[in-house]
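To keep things clear, I will list the structure first and then write my remarks on it.
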Amino acid sequence: VNRGTTAHPIKERRDSPMTAALFPVHPDRFRGESDPVKRPKEFACFSYDQEHRFRLDDSSLKWYYPPTLGADLSKGFEDFIKHDDSIDEHLDSLLATIAHHEKETGKPIDAHVVTWRGMMAKIMAVPFEPRDGFEMNATLYRGTIFIEENHGFKRGQEELKQFYKNPIPMEVMSFWGYKFETLSTLPAPWGETSREYIESRDTQVVNNKEQYCSVVRTGLGKSILCLGGEVDAIWDSKPDPPGATTNWVELKTTAELIKETDMDNFENKVMKWWIQSFLLGVPKIIAGFRSRDGILVSTQEIATIDIPNMVKQRNRARWDGNVCINFASAFLEWLRQIITDEGVWRVRYSRRAAHIEVFRIEEVGHGSIITEEFMNWRIKL
Ligand code: A3P
Ligand code: MG
Ligand code: MG
């Protein structure tokens, strides 16, 4: 395989006939000042309606309004309208939204990398969350690398999780997060919402098929990224004219902090909250603290920007946001030197491995990553 002039370690894989390029994880390589980052700017958005039908608008946007404390987060689990995530949605909605934007502007977006926010979040977390493995598929199309989740791998991981014994079923615990969203949001600004609705939130059916997704342009080091990701709510309204920061709100539930070790777990957890919100430019997180059996006991507003220092003050060694940024920035720069050719590439990280591996799994084409519609549109451009 011709990789041009790379100084990267390339090793023959034993379990595969292909050659893998290896990106070393070692966090200490990435300490110090952070590489330049661009403030994420939304340039498009889309929604899934209550039946998960795609819409090119902001119809599923929700407004934050404080929940009533004391609510039972398990209430309504039997009626939960749950999205079937066994179907691989690839990058389809993101590509449709980008194509629509390009039709309006008449030119292709300038990103080096297009992917879901969740994929970038997994990459950023690698230096400090070595327990989570992942697999992604990537392809180069007209100068841009498109990255999707390897859906089959993700499903396997979720089945593994079911083995862990827990007094409360996984499905119920996962419901708590969606219930908290229903308890904490309104489908319209407060001034346009009836008191009856606000008071009835605890009996509203919880439905996670509905989503609002923001599509942003952002940058990590030398790479320009286009990321799509779900935003839970907005505080007030989108800025007019656009360009200023939007007061997005990320909603998160977590166990209340009682013992000293709870704080340790919490600090690991907020790293993921920080990464997730940082990537889309979500400035505020509302943490909903719950008892061990799922009663909402308190909420706390956390400014995303304060999280890295908040953790550093208590424990300098826990994790370092600059390392996450520099790691992801260096990885993307490296990936752009590896994927210079046709075909589909696997990006793989096994738990506690010393490297992220990248190897070609298809010699030609773009697998199922790029939709036919997107290609047909780009041919016209
Ligand atoms: P919590 O984060 O409050 O637990 P998000 O926080 O990204 O908006 O996701 C909303 C909710 O989806 C989560 O709420 C959680 O309930 C559920 N969820 C997200 N990722 C999950 C995963 N990998 N497994 C199980 N549930 C998940
Ligand atoms: Mg969400
Ligand atoms: Mg959330």
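The numbering of the sequence shown is the UniProt record's numbering, which starts it at 33 and goes up by one. Ideal placement from N, C-alpha and C gives every residue a C-beta, glycine not left out. Computed from a predicted model, the values in this text were never measured in an experiment.
Nonlocal neighbours in the same chain, by C-beta distance under 6 Å from residue i, ignoring five residues either side
i, result
"D388", "Residue 388 is actually Ile in this sequence, not Asp. Cβ within range, chain order: F55 and Y381."
"I393", "V376 and R378"
"H183", "D120"
"R61", "none"
"H40", "Note that H40 scores a pLDDT of 43, beneath 50, so its modelled location is shaky and nothing firm can be said."
"G320", "F212, T285, L328 and T331"
"T37", "Here the model assigns T37 a pLDDT of 35, short of 50, so the residue's position is not dependable, and the following value carries that caveat. Excluding sequence neighbours, T37 sits near nothing in its chain."
beta-carbon residue i near ligand 2 non-hydrogen atom, thresh 7 Å
i, result
"R262", "According to the sequence provided, residue 262 is Glu. The question's Arg does not apply to it. Answer for E262: yes, Cβ within range of ligand 2."
Residue i: CB within 7 Å of a non-hydrogen atom of ligand 1
i, result
"Y173", "no"
"W366", "no"
"T147", "no"
"F406", "no"
"S226", "no"
"T331", "no"
"G313", "no"
"Y210", "yes"
"S323", "no"
"S206", "yes"
"T217", "no"
"T285", "yes"
Residue range of the beta strand (DSSP E) that includes residue i
i, result
"Y173", "F166 to Y173"
"L328", "L328 to A335"
"E228", "Element bounds for E228: not the beta strand (DSSP E) but the alpha helix (DSSP H), R227 to E231."
"P73", "In the sequence as presented, Pro is not what sits at residue 73; that position holds Lys. From DSSP, the beta strand (DSSP E) with K73 extends over V69 to Y80."
"L54", "T51 to P56"
Within-8 Å CB hit, residue i to chain B
i, result
"P59", "Protein chain content of the structure displayed is limited to a single chain, and chain B is not contained in it."
Buried or exposed by the 16-neighbour rule on C-beta atoms within 10 Å, applied to residue i
i, result
"G138", "exposed"
"L289", "exposed"
"V237", "exposed"
"N198", "exposed"
"P98", "exposed"
"G261", "buried"
"H58", "exposed"
"A349", "exposed"
"W222", "exposed"
"P273", "exposed"
"P159", "buried"
"V33", "The pLDDT assigned to V33 is 30, lower than 50, so where the model puts this residue is not dependable, and the model offers no usable value."
"G175", "exposed"
"H398", "buried"
"A143", "buried"
"K211", "buried"
"P271", "exposed"
Element boundaries [alpha helix (DSSP H), containing residue i]
i, result
"Q243", "From DSSP, Q243 is part of no alpha helix (DSSP H) but of the beta strand (DSSP E) over Q243 to L252."
"P340", "I339 to R346"
"R410", "E404 to K412"
"V302", "E292 to L312"
"L259", "Run containing L259: none in the alpha helix (DSSP H); it sits in the beta strand (DSSP E), S255 to E262."
"residue 18", "As displayed, the chain neither begins before 33 nor continues past 413, which places residue 18 out of reach and without an answer."
"K114", "It is not in any alpha helix (DSSP H) - K114 carries neither H nor E in the DSSP assignment."
"R368", "G353 to I370"
"R392", "No alpha helix (DSSP H) contains R392, which is instead part of the beta strand (DSSP E) from H387 to E394."
"G150", "R149 to A157"
"T176", "From DSSP, T176 is part of no alpha helix (DSSP H) but of the beta strand (DSSP E) over T176 to E181."
"T285", "Element bounds for T285: not the alpha helix (DSSP H) but the beta strand (DSSP E), W280 to A287."
Sequence-distant residues of its chain with Cβ nearer than 7 Å to residue i (five each side left out)
i, result
"I317", "E282, K284, W305, S309, I334 and T336"
"M407", "none"
"E213", "D264 and L283"
"K412", "none"
Cβ shell of residue i (< 8 Å), same chain only, five flanking positions each side left out
i, result
"A128", "F78, F86, L88, T403, E405 and F406"
"Q82", "I113, N239, K241 and E242"
"G251", "P68, V69, K70 and L257"
"K135", "W409"
heavy atom of ligand 4 below 7 Å from residue i C-beta
i, result
"Q332", "Among the ligands in the structure shown, ligand 4 does not appear; only ligand 1, ligand 2 and ligand 3 can be found there."
Residues with C-beta closer than 5 Å to any heavy atom of ligand 3, in chain order: D264 and L283
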